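Structure first, then comments.
Numbering (my numbering), first residue to last: 794 to 1032.
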């Protein structure tokens, strides 16, 4: 099964019950090996409590924040993601496949990033993106046609936009991988995140909570799709 490898860590309060002396040496080992890590709570949704770290200070800060609100943490290597998809599965069948598109600014070879961002915000007043822009980038001028992504997270709640996948071959490939993943963990209703990186597809997460709030708010068609899926899930549970 092609997956993004995750390592599970328990909080210092709970780790004593499983006979492990501590987490820090293993966390530092992972950081030294992969250079960048994603640390996230095992609870929660929408990309909240998820941190990208590239040094020990950031790692310690992420660990502190996560353990303040959660009993456990999952850590995985950071991948340069070309595309991220969500596949909704119910009773061994795929009900929905969509791509999560991160908002980006398009360089023109003249304007600074700050100027491009101001223009973008004027056209997108309600933009929910929590920008992940280093201070030194605001004064840079990017080549014409160069994309500058406003965040590294692909969560709809962080500003990404859902796009239903129409390509039948791609839908088939993603569906096969999602159904295999669901079967491995014996889950009947789930949203499964799959990333495309370096021309390969990897299962990132299997979510038992199927959240379609932001997807359904985009338009009436998406609302009806989400409504039908939830209706079918409830009927399946009651049958």
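Backbone N, C-alpha and C define an ideal beta-carbon position, used for all residues, glycine too. Values in this document were obtained by computation on a predicted structure and should not be read as measured data.
For residue j and residue i, the rounded distance between their alpha carbons
i            : j            : result
residue 863  : residue 912  : 39 Å
residue 887  : residue 906  : 40 Å
residue 835  : residue 867  : 6 Å
residue 1012 : residue 1002 : 22 Å
residue 1020 : residue 960  : 23 Å
residue 845  : residue 831  : 5 Å
Residues near residue i by beta carbon distance below 7 Å, same chain, minus five either side
i           : result
residue 949 : 893, 955, 1007 and 1008
residue 977 : 794
residue 897 : 940, 941, 942 and 943
residue 873 : 990
residue 953 : 893, 894, 895 and 947
Which residues DSSP lists as bridging residue i, in chain order
i            : result
residue 899  : 940
residue 801  : 867
residue 828  : For residue 828, which the question treats as bridged, DSSP gives no partner whatsoever.
residue 1008 : Paired residues: none, contrary to the question.
residue 955  : 893
residue 838  : Answer is none; residue 838 lacks a bridge partner.
Neighbourhood of residue i by C-beta, 8 Å cutoff - its chain only, sequence neighbours within 5 removed
i           : result
residue 883 : 981, 982, 1022, 1025, 1026 and 1029
residue 800 : 819, 823, 867, 868 and 869
residue 974 : 794, 796, 985, 996 and 999
Close-in-space but distant-in-sequence residues of the same chain around residue i (CB under 6 Å, 5 per side omitted)
i           : result
residue 879 : 891, 984 and 986
residue 989 : 875 and 876
residue 797 : 869, 995 and 997
residue 803 : 865
residue 860 : 804
residue 827 : 870
Buried versus exposed call for residue i [16 or more other C-beta atoms within 10 Å across all chains shown]
i           : result
residue 856 : buried
residue 918 : exposed
residue 746 : Residue 746 lies beyond the stretch modelled for the chain, which goes from 794 to 1032, so this question has no answer here.
residue 821 : exposed
residue 946 : buried
residue 811 : exposed
residue 909 : buried
residue 914 : exposed
residue 967 : buried
residue 842 : buried
Segment contact, 8 Å Cβ cut-off, at least three pairs: the segment 894–902 with the segment 935–952 | yes
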